[in-house]
Amino acid sequence: MKQLYKLGIIVAIMLLVLLGLTKLTNKSTEQDVEINDVQTDPYSLQSEEIINGSTTEQVEGEPNLETSMNEVQENTVVVMKTNKGDITIELFTKDMPITAGNFLKLATDNYYDGIKFHRIIDGFMIQGGDPNSKDDTKQALWGTGGPGYSIEDEFVAGYSNVRGTLSMANSGPQSGGSQFFINLVDNTNLDFDKQPLTSQHPVFGRVIEGMDVVDSIGKVATGPRDIPITPVVIEDIIIK
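Just so you know, the sequence shown maps onto residues 3 to 242 in our numbering.
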């Protein structure tokens, strides 16, 4: 009888031990599942990496995916400061990300600082953006310079070369770089859907303040090759 009693106690103890081990194993498994869920979530880091170029996890106060996309879609306003006055320009960064984005990148890098408006034709347009114009000894080359690369042509229906718009200067298809012009009058014959021009000019911004400054620049005296006798200089471009 005593042996049966002892055997019963031993069996009971073994059952308790087995029950405890089972609970411990289940708890460990649950923890592993929670950790793996975080590590393999395809959206937790991937979307941040694509949008921000970083694998930093989302923290409180940082923009989420939807906010980031909305920010990208907003147009950008810049102030072009010249020795003749300020010109405020809205860049069409939402609809023209290549062309307007290129201009914005160059402005951010201070590329345009010190560059002159090298070609001015009253009743037509004012043109600038050639880095050669920083050097008066290279006047023969003014109008031929650029950033060392060209960008893809980008055209959006409805954006026309009307008075006050900012447009890309180029010498033919896929040849845009850093040179631009501001239309003094409606020059819709320069639009991408007009023929038989081989060099169409993408509109990527518009003057929203300071058109009087643009007009005054258009009136300056010019010499050979429409180069201003008195330099008109871009001193800075400030991103608002």
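Glycine included, C-beta positions come from ideal geometry on N, C-alpha and C.
Computed from a prediction, not measured in an experiment: that's the story for all the values here.
{"query": "Where P149 sits in the DSSP three-state scheme", "result": "coil"}
{"query": "Run of the beta strand (DSSP E) containing I100, from where it starts to where it stops", "result": "First-last for I100: undefined, no H or E at that position."}
{"query": "Three-state secondary structure (DSSP) of L192", "result": "helix"}
{"query": "CA-to-CA distance, T110 to G125, given in whole angstroms", "result": "31 Å"}
{"query": "Selection from I89, V222, H203, D217 that minimises the alpha carbon distance to M98", "result": "H203"}
{"query": "Given Y151 as reference, the closest of S180, G212, A102 once Cα atoms are compared", "result": "S180"}
{"query": "Segment contact, 8 Å Cβ cut-off, at least three pairs: the region 166-184 with the region 136-144", "result": "no"}
{"query": "Helix, strand or coil at S135 according to DSSP, with G and I counted as helix", "result": "helix"}
{"query": "Residue burial classification, N172 (beta-carbon count within 10 angstroms, cutoff 16)", "result": "buried"}
{"query": "Presumed contact (8 Å Cβ cut-off) between T90 and E211, rounded CB distance", "result": "4 Å"}
{"query": "Nonlocal neighbours in the same chain, by C-beta distance under 6 Å from T167, ignoring five residues either side", "result": "N185, V205, R208"}
{"query": "Span separating the alpha-carbon of A102 from that of I123", "result": "24 Å"}
{"query": "Proximity to M213 [Cα-Cα], best of M82, H120, T78, N77", "result": "M82"}
{"query": "Residue closest to R121, alpha-carbon to alpha-carbon, out of I239, E92, V235", "result": "V235"}
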